[in-house]
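Colleague:
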Amino acid sequence: MQRTFLYTSALLIGLTGAAQTLQESGLVSASIQSVRETGQPFRSVALVPSAVDISTIAGLSRAVEAPHLFTLDSAGLVDVLADRPLYVTLVIPGAEGNLLLDLQKVDITASGFVVTRSSDEAVVRYAEGAHYRGMLRGSTGSLAAVSFFEGELMAMITDRSGTQVIGRVKNDSRGLHVMYCESNQTKKYNPKCDTPDDGLMYTSSQIEFDSRGGSSDCVRLYWEVNYDIYQDKGA
7 MQRTFLYTSA LLIGLTGAAQ TLQESGLVSA SIQSVRETGQ PFRSVALVPS
57 AVDISTIAGL SRAVEAPHLF TLDSAGLVDV LADRPLYVTL VIPGAEGNLL
107 LDLQKVDITA SGFVVTRSSD EAVVRYAEGA HYRGMLRGST GSLAAVSFFE
157 GELMAMITDR SGTQVIGRVK NDSRGLHVMY CESNQTKKYN PKCDTPDDGL
207 MYTSSQIEFD SRGGSSDCVR LYWEVNYDIY QDKGA
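Residues in the sequence shown are numbered from 7 upward in steps of one, following the working numbering.
1. I need the boundaries of the alpha helix (DSSP H) containing E43, first residue and last residue.
2. Note down, in chain order, each residue of its chain lying with its Cβ closer than 6 Å to the Cβ of R9, except the 5 sequence neighbours on either side.
3. Return yes when the Cβ of A72 is within less than 7 Å of the Cβ of N190, no when it is not.
4. Whose C-beta lies closer than 7 Å to the C-beta of D203 among residues of the same chain, with five residues either side of it excluded?
5. Return the first residue and the last residue of the alpha helix (DSSP H) that G82 is part of.
6. Using the Cβ count rule (16 or more neighbours within 10 Å means buried), how would you classify A136?
7. Return the residue from the list Y186, N177, R180 that minimises the CA-CA distance to Q170.
8. Any contact of the region 73-85 with the region 113-127, i.e. 3+ C-beta pairs under 8 Å?
9. What number of angstroms, rounded off, separates the C-alpha of R247 from the C-alpha of V51?
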């Protein structure tokens, strides 16, 4: 059951390097602060504290220490998905006051993005979410990434204190979401690459930088995902 509550962390782990780079540069938070200084309104959507006893959710207390449970502001979520406003503030209630994530909508896919089946290469329709990036208000240099989908959201918040993750509790009909610090996971994960390093070495000409080359080339990525992951994540 431990994997039930930690899948969001695994899903976001590929973004860790980019997140650290963006956080260290402070470009995202600086951009958001500049927008706020203009008086630009941000659409508010909130998490709602849940009174559900954490001990009643099998495996949660064993998977992570000090988790917090929430439900969604359903009306606010519907509005975000319908209108996809350019700027959103996600309100996260806490014992010491609300955490406010000031966010700007971003497009995380390249033009022409499609999902296909490996069996017949047929294009698969999918429910596109609304994706946002921004900062924790009051924390210069922080970084937040939030994706809204029908009935759920997933988020990552990184500042000097560490990284916090939010994701929906799997198979919970009440729509519960859990928030926890990555450092509070009881099982530690050490990502590694199991691909054997048995290929030919690169030649010098292959890795040398050619300053005459164009800088506008778009790097496109191809992801192959197993069917069990497709089923587990709902598409």
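For glycine and all other residues, C-beta sits at the position ideal for the given N, C-alpha and C.
Modeller: Working from what's here:
1. If you number the sequence shown from 1, residue 43 lands on position 37. For E43, the enclosing alpha helix (DSSP H) covers residues 33-43.
2. Here the question's residue 9 lines up with position 3 in the sequence shown. Residue placement at R9 cannot be trusted, given a pLDDT of 40 that sits under 50; the coordinates are not used to answer.
3. In the sequence shown, counting from the first residue as 1, residue 190 sits at position 184. In the sequence shown, counting from the first residue as 1, residue 72 sits at position 66. Remark: C-beta atoms of N190 and A72 approach each other more closely than 7 Å.
4. What you label residue 203 is simply residue 197 of the sequence shown in a count that begins at 1. Excluding sequence positions up to five before and after D203, its CB lies less than 7 Å from no other CB in the same chain.
5. Position 76 of the sequence shown, counted from the start, is the residue given in the question as residue 82. Counting along the chain, the alpha helix (DSSP H) containing G82 begins and ends at 80-89.
6. As a first step, residue 136 is located in the sequence shown; it is residue number 130 there, counting from the start. Flag for A136 reads buried.
7. Working through the sequence shown from its first residue, we reach residue 170 at position 164. The closest CA to that of Q170, considering only Y186, N177, R180, is found on Y186.
8. The region 73-85 vs the region 113-127: no contact.
9. The structure shown does not extend to residue 247, since the chain is modelled only from 7 to 241, so the question has no answer here.
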